[in-house]
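Below is one structure, written out as structure tokens, with a few remarks after it.
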Ligand code: NI
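Numbering (the working numbering), first residue to last: 40 to 266.
Okay, structure coming up:
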């Protein structure tokens, strides 16, 4: 599933993040990549412990917390601490790769299975050319470039790349989620059911049927979730 979630950050938060990143300490992005990925990666990554990274991470996690669509789609068990990267000038692409299946988060001491990959865009698309996130899917390659503050969520299993940035700079935040529901198929069923229930309630209010189907949703989640 590839899902676009708008307005994870407000315009004020995006602007604040952009300001924090103006004089931030950037490093070579290859240091965090596995051996296959390292060969095709050429970008910059923000130093993980700097003030800007800490503030933007906290802002993003608050944004995710208040977003019901994100929760329903991801059913997060663990979120791998978000990182921030930049593509511009001579460091402007990240060729085809698959993200490592397991990430070790030093700050929590936990391993995270990367069921879902997420990118939050931090630059207005008018401010740079190129930089599409191109994700290979059974339906072909999906090329994604979203407004600042919007997020794309896609299968951690997919081959993907960030196309070369040919003008300006592309700032983004990326992270992975280990879901309570490991199977992408089961996650999709739960998401579709939840979204259909939301629309039913908007159209008809709470009825005996929506109550019963909500029960079915939770019983499926109980059966499939690993907390
Ligand atoms: Ni990747």
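Virtual Cβ for every residue (Gly too), placed ideally from N, Cα, C.
Query	Result
Any non-hydrogen atom of ligand 1 closer than 8 Å to residue 76 Cβ	yes
Beta-carbon separation (whole angstroms), residue 154 vs residue 207, contact threshold 8 Å	Between residue 207 and residue 154 the Cβ distance is about 32 Å, and since that is not below 8 Å, they are no contact.
In chain order, each alpha helix (DSSP H) run of at least 4 residues that lies wholly inside the stretch 178–256	223–243
Cutoff 9 Å: residue 181 Cβ touching any chain B Cβ	Annotation note: the requested chain B is absent from the structure, which comprises a single protein chain.
Integer-rounded CB distance, given that residue 42 should sit under 8 Å from residue 192	5 Å
Under 9 Å between C-beta atoms of residue 123 and residue 60	yes
Whether residue 140 touches residue 226 by CB criterion (9 Å)	no
Proximity test, residue 243 beta-carbon vs ligand 1 heavy atom, cut-off 8 Å	no
Heavy atom of ligand 1 within 8 Å of residue 213 beta-carbon	yes
Check: residue 133 C-beta below 8 Å from any heavy atom of ligand 1	yes
Range of the contiguous beta strand (DSSP E) that encloses residue 87	Residue 87 -> no beta strand (DSSP E), and no H or E assigned at all.
Range covered by the beta strand (DSSP E) that runs through residue 173	172–176
Residue 153 - containing beta strand (DSSP E), residue span	Counting along the chain, residue 153 falls outside any beta strand (DSSP E), and DSSP gives it neither H nor E.
Residue 218 beta carbon near ligand 1 (any heavy atom closer than 8 Å)	no
Straight-line Cα distance separating residue 53 from residue 209	13 Å
Buried or exposed (CB count within 10 angstroms, at least 16 for buried), residue 156	buried
Closest residue to residue 262 among 212, 137 and 229 (Cα-Cα distance)	229
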